[in-house]
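In full-length UniProt numbering, the protein residues as written are 1 to 325.
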């Protein structure tokens, strides 16, 4: 990695610090239990790439960060955090980013109510400030994320995901959120509708490249916070496997799908699937497509005037496909 996330963030370090304070304030509650859970959620924050995309995109259109942009970034974080809390309940997950999940510490009923609270805080933040356009952008992303998750669950039962369906799923599940970050950044800075849509499409391309990179980790050895082969154990059909199966003979395809369906966490069967994908060129093909989406994102970004924020966005999208975790 040529540049770290901290170095990329440096030009907006002050804005990010102020955002942290505003975001903490937006999560405050008079209920002691809820306030304690909110503090826990804030402490275990991740890389904060979402607000970075919001701020850098906004700076493509105006040099300073407006209050609307801060609210837009907070709205995205509130609604996204709500979906993560609910996801952990649905997945019966006890950990997120090596921390205990909310449902693991406070049980499912409280976790669901916490997710609802975060959702309502996001909605109120926008409505109280007449940020209707920002709310429309982010609400659409949440709808897309839900549809993508349900589409994946539907297809996972039969393991019949084609490459087209795979891209539909990751566009909705992952890319829609990064797309909304960029669209919110542009809209909150007063960009015209055409530029907001261009920023949204840029974010979508980045989001697809980001998810493809994530799927590649399942076949590598990098320490990424999830065991290698976890997607296979969970019967998730990702691009490397989809491509490898597409080019396999009938008997091989049947054996591999049987191993995916019936692996039951068996490391030998999982390793057989990983070896098959590597032998069949699934990794190389996936890297090629990831680089294509990276190039498409850069092409859209380069239609905006040259500026320090555009350079930062170039660095940020390079980071998404070069990261080791």
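Using N, Cα and C, we set each Cβ at its ideal position, and we do this for glycine too.
Residue span of the alpha helix (DSSP H) that contains residue i, given as start and end
i: residue 51; result: 49-58
i: residue 182; result: 176-188
i: residue 271; result: 267-279
i: residue 252; result: 250-261
i: residue 302; result: Where residue 302 is concerned, there is no enclosing alpha helix (DSSP H), given that its DSSP letter is neither H nor E.
i: residue 25; result: 13-26
i: residue 31; result: That residue, residue 31, is in no alpha helix (DSSP H); it is neither H nor E in DSSP.
i: residue 170; result: 163-170
i: residue 217; result: 193-217
i: residue 244; result: 239-246
i: residue 234; result: Looking at the DSSP string, residue 234 is not in any alpha helix (DSSP H), and its letter there is neither H nor E.
i: residue 8; result: 5-9
i: residue 310; result: 308-322
Whole-number beta carbon distance between residue j and residue i, since they are thought to touch under 8 Å
i: residue 212; j: residue 145; result: That pair is no contact at about 17 Å.
i: residue 198; j: residue 293; result: Actually they do not touch by this definition, with Cβ atoms about 16 Å apart.
i: residue 354; j: residue 186; result: Lying outside 1 to 325, the shown extent of the chain, residue 354 is not represented and no answer is given.
i: residue 138; j: residue 79; result: 6 Å
i: residue 286; j: residue 240; result: 5 Å
i: residue 273; j: residue 259; result: 5 Å
i: residue 114; j: residue 37; result: 6 Å
i: residue 83; j: residue 142; result: 7 Å
i: residue 297; j: residue 217; result: Going by Cβ atoms, the distance from residue 297 to residue 217 rounds to 20 Å, so no, they are not a contact pair.
i: residue 35; j: residue 28; result: 7 Å
i: residue 207; j: residue 179; result: 6 Å
i: residue 270; j: residue 233; result: 6 Å
i: residue 68; j: residue 116; result: About 25 Å; that fails the 8 Å criterion.
i: residue 85; j: residue 111; result: 5 Å
i: residue 55; j: residue 17; result: The Cβ separation is near 12 Å, so there is no contact.
i: residue 283; j: residue 219; result: 6 Å
Chain C contact for residue i (CB, 8 Å cutoff)
i: residue 116; result: Among the chains in the structure shown there is no chain C, since it carries only a single protein chain.
Heavy atom of the ligand MN within 7 Å of residue i beta-carbon
i: residue 199; result: For the structure depicted, the ligand MN is absent and the ligand set is empty, with no information on it obtainable.
Of all the alpha helix (DSSP H) runs that stay within the bounds of the stretch 65-137, which reach a length of 4 or more residues? With a minimum length of 4 residues, the continuous alpha helix (DSSP H) runs that stay inside the stretch 65-137 are 67-90 and 102-127.
Spell out a yes or no on whether the stretch 278-290 and the stretch 229-244 are touching, meaning 3 or more CB-CB pairs, one atom from each, closer than 8 Å. yes
Check whether the stretch 180-199 and the stretch 148-157 touch, using three or more Cβ-Cβ pairs below 8 Å as the test. no
State whether the stretch 37-56 contacts the stretch 16-23, with contact taken as three or more CB pairs (one from each stretch) at a distance under 8 Å. yes
Quick check: the stretch 86-103 against the stretch 53-72, are there 3 or more CB pairs under 8 Å? no
How do the stretch 5-12 and the stretch 303-320 stand: do at least 3 beta-carbon pairs fall below 8 Å, yes or no? Contact between the stretch 5-12 and the stretch 303-320 is present, with at least three C-beta pairs closer than 8 Å.
Can at least three beta-carbon pairs, one atom from the stretch 163-182 and one from the stretch 248-261, be found at a separation below 8 Å? A contact between stretches requires three or more CB pairs, one per stretch, nearer than 8 Å, and the stretch 163-182 fails this requirement with the stretch 248-261.
Using 8 Å as the Cβ pair cut-off and three pairs as the minimum, do the stretch 159-172 and the stretch 107-126 touch? no
Quick check: the stretch 124-138 against the stretch 70-87, are there 3 or more CB pairs under 8 Å? yes
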